[in-house]
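Quick notes on the structure that follows.
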Amino acid sequence: MKVYSFNTLQGYEGIITEKPEIVLFGAMLLPLAMAIAISCIGWVFRKLKLNMYLIQALLYTMLLAFFFGTIAVLILYFITDKNGVKLAYCWLAIVTGMFLFSLINTSSINKMFTDWSHMIKN
407 MKVYSFNTLQ GYEGIITEKP EIVLFGAMLL PLAMAIAISC IGWVFRKLKL
457 NMYLIQALLY TMLLAFFFGT IAVLILYFIT DKNGVKLAYC WLAIVTGMFL
507 FSLINTSSIN KMFTDWSHMI KN
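Reading the sequence shown from the start, the letters are residues 407 to 528 in my numbering.
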């Protein structure tokens, strides 16, 4: 029976262990790049008048992961032992949690932004 080890990450554990700063840059830049790509896909979906629920959930996931995921990874990087593989797993857990949160609460988040825009206009 093969036991799962948290010291492996799809073959990239050597690179991440040598340079854990890669996880920091990934935690900051990957959500921004994904948000831009998802926004372009959302623009196409809007032009085709398709359902935007999943696109909005993914966009909220990337924006929340940028803010909260970056802060959490920075705190873990400076406080813990700087193990890049563990940092990557922590970031993946944060993104997964943000996705589930966004998937469940997309309509509430949309309503919050609409209410804020009405308050700003008045």
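From the three backbone atoms N, C-alpha and C, an ideal C-beta is built for every residue, glycine too.
- The beta carbon of residue 504 sits closer than 6 Å to the beta carbons of 467, 470, 471 from its chain, once the five residues preceding and following it are set aside; these are given in chain order.
- If the five residues before and after residue 464 are omitted, its C-beta is found closer than 6 Å to the C-beta atoms of 444, all from its own chain and listed in chain order.
- Contact annotation, residue 448 with residue 461: C-beta distance approximately 4 Å; criterion of less than 8 Å satisfied.
- Non-local beta-carbon contacts of residue 426 in its own chain, meaning distances under 8 Å to residues more than five positions away in sequence, involve 483, 488, 489, 490, 493 in chain order.
- Here residue 511 carries a helix assignment [DSSP, helix/strand/coil].
- Taken atom to atom, the span from the alpha-carbon of residue 442 to that of residue 485 is near 31 Å.
- Collapsing the DSSP output to three states places residue 458 in coil.
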